[in-house]
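Residue numbers (the working numbering): 204 to 746.
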């Protein structure tokens, strides 16, 4: 009010939540997302069935897939989805842990806010604790090398143990380690593993154990003409971005023909142009042509007569992989073809896999690109196998890049929590309370693992604390054995996964805690009271 006259700052219909109301609303939304993922953590975690608007069904317990498939509307909940996305892109694993930790930090912060501690103090305490936890984690890691097959295999198995492929994890882990080793390249003093160089091709049929490693690339396309050779040894490969066909005009046009001879001349000219394309291919020495676009029927006929194998409509990503693997130049025009632009492979052949025909490019000049052909009885099984292998490939690659691993199964979390409780006594002011609750939140990981396995979570945590106090730093939750045990030879993971999860969770919690004013404009999609998504039937805010 100004001299009795109201001052209107916001347009009509705009809603606003301030202070603790805004903080609690945001915290509640984030906790709801975290609680949803909590039951999926660990080897005994439950799966989620995600039904898409189109009717497609996804059955998985992969955190990134669950959050990506949910239509989250609440802005604070979306921040946790971004946390999972960042974790998945940087590490490929640990998405559930990062979201659960973020939800735990916000729940603990809510209690501190109710005790009168300012959000800024809490945020500072969380940052201090996260830095300390990262330092402790670095001290827990042990070295691993490219030749350490048992350790790398265990990293892959640890990643897959909570997935739907857990029964065949030993078999799939061997394939994963072999594939990652093939694409690992020296980088500075260490190694670099680009997971994009590992191609995953899914084909329904058979069993998971029919999945095979291919030292080369697989094109999910068949040879374009039945008269072409089914295989070529000593392949000289041409890669074309353009189509092998007569270019159509970009504008509409009409050709008026008044005599039969003109039709013959028109068709002859088209044939001459196609023959020129094919002649360019043959002259370059290529005996295999791969096109990103189509290949004209006439061109197919001429190529078949020249004993050239051709594949069309190949994905751009596969074209780029072929270029790296074979050394071929990716050409925009067929006229640019010459012997120096060709790539080389020992053999290109077509194989029938189930009901599908695929083209295999084997024995590539540069074997830094390999493939895994995934098989499974149903589409859901094959999709879950792909998600599991993506995570396993990422964690094995990170272990090689970092040259280190740490014990999983909650062992590292308990050790970091114990250290933080001692460290909290050296922190002055109310930030000490934030550091202490950060330690408690870290222990939600082993407690959740125990809870999902049907174990006594409180008793498990007490035993873990006792064993770690005795110096048993690798003691964790043996979920399959339903006991507390040394997990150093059972579950290990790259330290980057844990470090990134703590960092991402802390950043998300701090960002949400620092919001004390929510202003929502009128007309937001699905907005209810407060400009946020409509409340659920029991009065809680929805996602």
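Where a beta carbon is used, it is the ideal one built from N, C-alpha and C, also for glycine.
Source: prediction; values computed, not measured.
Let me know the secondary structure DSSP gives residue i once reduced to three states.
i: residue 807; result: Absent from the structure is residue 807, since the part of the chain shown begins at 204 and ends at 746.
i: residue 560; result: strand
i: residue 580; result: coil
i: residue 357; result: helix
i: residue 683; result: coil
i: residue 433; result: coil
i: residue 292; result: helix
i: residue 242; result: coil
i: residue 396; result: coil
i: residue 504; result: helix
i: residue 546; result: strand
i: residue 566; result: strand
i: residue 629; result: coil
i: residue 266; result: helix
i: residue 688; result: strand
i: residue 252; result: strand
i: residue 452; result: Only weak support exists for where residue 452 lies, its pLDDT of 47 falling under 50; the value from the coordinates is given anyway. DSSP places residue 452 in coil when its eight states are reduced to three.
In whole angstroms, give me the CA-to-CA distance for residue i and residue j.
i: residue 279; j: residue 423; result: 41 Å
i: residue 607; j: residue 697; result: 6 Å
i: residue 523; j: residue 701; result: 33 Å
i: residue 650; j: residue 562; result: 49 Å
i: residue 535; j: residue 495; result: 10 Å
i: residue 267; j: residue 479; result: 50 Å
i: residue 574; j: residue 405; result: 11 Å
i: residue 305; j: residue 679; result: 21 Å
i: residue 516; j: residue 503; result: 13 Å
i: residue 719; j: residue 339; result: 33 Å
i: residue 407; j: residue 564; result: 21 Å
i: residue 432; j: residue 493; result: 14 Å
i: residue 427; j: residue 434; result: 13 Å
i: residue 559; j: residue 307; result: 48 Å
i: residue 233; j: residue 580; result: 37 Å
i: residue 343; j: residue 269; result: 31 Å
i: residue 323; j: residue 317; result: 14 Å
i: residue 576; j: residue 293; result: 25 Å
i: residue 326; j: residue 337; result: 17 Å
i: residue 312; j: residue 290; result: 22 Å
i: residue 275; j: residue 656; result: 29 Å
i: residue 285; j: residue 490; result: 47 Å
i: residue 567; j: residue 412; result: 25 Å
i: residue 648; j: residue 660; result: 11 Å
Looking only at C-alpha atoms, which of the options sits nearest to residue i?
i: residue 705; options: 601, 297 and 282; result: 297
i: residue 692; options: 300, 361 and 227; result: 361
i: residue 264; options: 244, 282, 275 and 283; result: 244
i: residue 385; options: 714, 349 and 364; result: 349
i: residue 634; options: 333, 251 and 512; result: 333
i: residue 448; options: 436, 437 and 477; result: 477
i: residue 485; options: 533, 545 and 520; result: 545
i: residue 619; options: 645, 632, 282 and 610; result: 645
i: residue 654; options: 668, 675 and 683; result: 683
i: residue 537; options: 688, 676, 417 and 487; result: 487
Evaluate residue i with the Cβ neighbour count: other Cβ atoms within 10 Å of its Cβ, from every protein chain shown; 16 or more gives buried, anything less gives exposed.
i: residue 453; result: For residue 453, the pLDDT reaches just 48, beneath the cut-off of 50, and the residue's location in the model is therefore unreliable, although a value from the coordinates is still provided. When all chains shown are included, residue 453 counts as exposed.
i: residue 439; result: buried
i: residue 429; result: exposed
i: residue 379; result: buried
i: residue 370; result: exposed
i: residue 463; result: exposed
i: residue 641; result: buried
i: residue 556; result: buried
i: residue 505; result: buried
i: residue 321; result: exposed
i: residue 353; result: exposed
i: residue 252; result: exposed
i: residue 734; result: Low per-residue confidence applies at residue 734: pLDDT is 39, beneath 50, and the placement is therefore not dependable, though the value from the model is reported in the following sentence. That one is buried.
One question on the structure: do residue i and residue j come within less than 7 Å of each other, judged by their Cβ atoms?
i: residue 637; j: residue 328; result: yes
i: residue 376; j: residue 398; result: no
i: residue 614; j: residue 572; result: no
i: residue 441; j: residue 540; result: yes
i: residue 394; j: residue 603; result: yes
i: residue 605; j: residue 699; result: yes
i: residue 414; j: residue 578; result: yes
i: residue 237; j: residue 302; result: yes
i: residue 513; j: residue 498; result: yes
i: residue 365; j: residue 248; result: yes
i: residue 230; j: residue 309; result: yes
i: residue 694; j: residue 612; result: yes
i: residue 677; j: residue 598; result: no
Is residue i close to chain C? Criterion is C-beta to C-beta, closer than 7 Å.
i: residue 479; result: Given the protein chain composition of this structure (a single chain), no chain C is represented.
Quick one: is the Cβ of residue i within less than 6 Å of any heavy atom of the ligand HEM?
i: residue 519; result: As presented, the structure is devoid of all ligands, the ligand HEM included, so that no description of it is given.
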